[in-house]
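S.K.: Numbering of the sequence shown is given in my numbering, commencing with residue 8 and proceeding in unit increments. The C-beta atom is built at its ideal place from N, Cα and C for all residues, glycine as well. Starting off with a structure, shown below.
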Amino acid sequence: MSGIAHPIFGLDHLLAMVAVGLWAAQQTGKARWALPLTFVATMLLGGLLGFAGLEIPLMETGIAGSVLALGLLVALAVRPPLALAAGLTALFALSHGVAHGLELPMLSSPWGYAAGFAVATAALHGIGYAVARNLPQVAAPLVRIAGAASALTGAWLLAA
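Structural data, given as structure tokens:
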């Protein structure tokens, strides 16, 4: 479970994970559970690639871009068709997963590490989802403001 810290203490990962939960809460029907599930599953696949030492081109740019894109999706409360939403979510998750896999500490079990980053990611999705779904209707614009703040942070990360 040593992988728990990576998604929580990396600002880019933290913002993206919470944003997935916020965005899922803005959706209807199957998308509410499909987006977080798609993210975790694809992230684990990316983690396997990272464990094998395979890097994807522009990985860090993809991570920063996911913070920007997810922030915009939340800020604009975009509700695309499920296939498009799941595809975008998977694309974002792959970069995060490879990064997690490449960060495997020398003395850690890959499986314990993967379980840790999967649990932490799912918890962050759950936090974002719970916040968005439980805010009173009058406070709902705060979710969109949080999305805009995430998008701005993503733009800053891309520029850095």
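1) Here's a check: name, in chain order, each residue in its chain whose Cβ is nearer than 7 Å to the Cβ of T49, leaving out the five neighbours to either side.
2) When you compare the stretch 113-124 with the stretch 84-93, are there three or more beta-carbon pairs, one atom per stretch, that lie closer than 8 Å?
3) Which residue comes first and which comes last in the alpha helix (DSSP H) that contains G133?
4) Using three-state DSSP, classify R86 as helix, strand or coil.
5) Find out if the Cβ-Cβ distance for the pair G161, G94 is shorter than 9 Å.
6) Using the rule of at least 16 other Cβ atoms within 10 Å of the residue's Cβ for burial, across every protein chain shown, is Q33 buried or exposed?
7) Using CA coordinates, which residue listed in T128, V81 and L51 is at the minimum distance from S157?
8) Within a Cβ cutoff of 6 Å, which residues of the same chain sit near L29, ignoring the five residues on either side of it in sequence?
9) Of the residues G154, A31 and S116, which one's Cα is nearest the Cα of G133?
10) Thinking just about the alpha-carbon of each residue, which of G108, V25, A166 and H20 is nearest to the one in A59?
11) Looking only at its chain, what residues have a beta carbon closer than 6 Å to the beta carbon of V47, apart from the 5 residues adjacent to it on each side?
12) So, at 8 Å on beta carbons, what are the nonlocal neighbours of P112 in its own chain, with the 5 sequence-adjacent residues on each side left out?
13) By a C-beta neighbour count over all protein chains shown, 10 Å radius and 16 as the cutoff for buried, is G36 buried or exposed?
14) Go ahead and pull the three-state DSSP assignment for Q33.
M.R.: Walking through what the data contain:
1) Translated into positions along the sequence shown, residue 49 becomes position 42. If we look at T49 and ignore the five residues flanking it on each side, its Cβ neighbours are A97, A100, L101 and G104.
2) no
3) By 1-based counting over the sequence shown, the position of residue 133 is 126. Where G133 is concerned, the enclosing alpha helix (DSSP H) stretches over P117 to N141.
4) Walking along the sequence shown from the start, residue 86 turns up at place 79. Three-state DSSP puts R86 in coil, outside helix and strand.
5) Working through the sequence shown from its first residue, we reach residue 161 at position 154. Working through the sequence shown from its first residue, we reach residue 94 at position 87. No; because the gap between Cβ atoms is not below 9 Å, this pair is not in contact.
6) For the purposes of this step, residue 33 is taken as the residue at position 26 of the sequence shown. Q33 should be labelled buried.
7) Taking the sequence shown and counting its residues from 1, the one referred to as residue 157 is at position 150. S157 has its Cα closest to that of V81, out of T128, V81 and L51.
8) Locating residue 29 in the sequence shown gives position 22, where the first residue counts as 1. The answer, listed in chain order, is V81, G135, A139 and V150.
9) Position 126 of the sequence shown, counting from 1, holds the residue named residue 133. With distances taken between Cα atoms, G133 lies closest to A31.
10) Position 52 of the sequence shown, counting from 1, holds the residue named residue 59. Ranking the options by Cα distance to A59, first place goes to G108.
11) In the sequence shown, residue 47 corresponds to position 40, counting from 1. Correct list, in chain order: A125, T128 and A129.
12) Along the sequence shown, read from residue 1 onward, the residue named residue 112 stands at position 105. Closer than 8 Å at Cβ, skipping near neighbours: S9 and Y120.
13) Start at 1 with the first residue of the sequence shown, and residue 36 comes out as number 29. Residue burial annotation: G36 is exposed, with fewer than 16 other C-beta atoms found within 10 angstroms of its C-beta.
14) Residue numbering aside, residue 33 sits at position 26 when the sequence shown is read from its first letter. Reduced to three states, the DSSP call for Q33 is helix.
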